[in-house]
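What follows is a set of notes on a single structure, which appears directly below.
In the numbering used here, the protein residues as written are 1148 to 1308.
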């Protein structure tokens, strides 16, 4: 299977998310291995969305959140359940959008250039199994369009990872 990403640079934010959703649907129809899915989905996110410096997954472990497949600079390999944006998304079981991570009490700075963050929980059988984590070097990068798009992505990925 090959993917053609030509013309992405000309698309607006909504169209980019629609394109991302299309690629994720194809992946979910074509592959059932969770690790392979997360690896390609993180690559698609970085290739299609603009102004990101990190996109990847944190897996729910027994005692903490563990780094999964990602695109970007090396990241924190383990995150405690009680600190940071990813952990808050896990604890509240909801999408968390942070416009300025420096204003977020307890933010964990894996990459000092990150300014904003979006975290999306993914479930299997009603329990969070992993979270998509997106970082941007731009303050206020994530919009309501992104939140709605990633709600759709979570619905597609639930019970598939």
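Positions of the beta carbon are idealized from the N, C-alpha and C atoms, including for glycine.
Query                                                                                                                                                            : Result
Suppose you measure from the CA of residue 1288 to the CA of residue 1210; what does that come to, to the nearest Å?                                             : 31 Å
When you compare each of 1178, 1172, 1239, 1262 to residue 1199 by their alpha carbons, which one comes out closest?                                             : 1262
Do residue 1215 and residue 1205 have their C-beta atoms closer together than 8 Å?                                                                               : yes
Using the beta-carbon count (16 or more within 10 Å), is residue 1238 buried or exposed?                                                                         : exposed
Does DSSP put residue 1238 in a helix, in a strand, or in coil?                                                                                                  : helix
Can you tell me the Cα-Cα spacing of residue 1185 and residue 1243, whole angstroms?                                                                             : 20 Å
Less than 8 Å between C-beta atoms, sequence neighbours within five positions excluded: which residues of the same chain meet that for residue 1290?             : 1160
Give me the Cα-Cα distance between residue 1293 and residue 1155, rounded to the nearest whole angstrom.                                                         : 16 Å
Going along the chain, which residues of its own chain have a beta-carbon closer than 8 Å to the beta-carbon of residue 1249, five neighbours each way excluded? : 1262
Under DSSP, the alpha helix (DSSP H) around residue 1314 begins and ends at which residues?                                                                      : No statement about residue 1314 is possible, as the shown extent of the chain runs from 1148 to 1308 and does not include it.
Please determine, among 1158, 1275, 1269, 1273, the residue with the shortest C-alpha to C-alpha distance to residue 1303.                                       : 1269
Determine the DSSP secondary structure at residue 1208, reduced to helix, strand or coil.                                                                        : coil
Going by CA-CA distance only, name the one from 1164, 1231, 1272 that's closest to residue 1191.                                                                 : 1164
With a threshold of 16 other CB atoms inside 10 Å of the CB of residue 1235, please say whether the residue is buried or exposed.                                : buried
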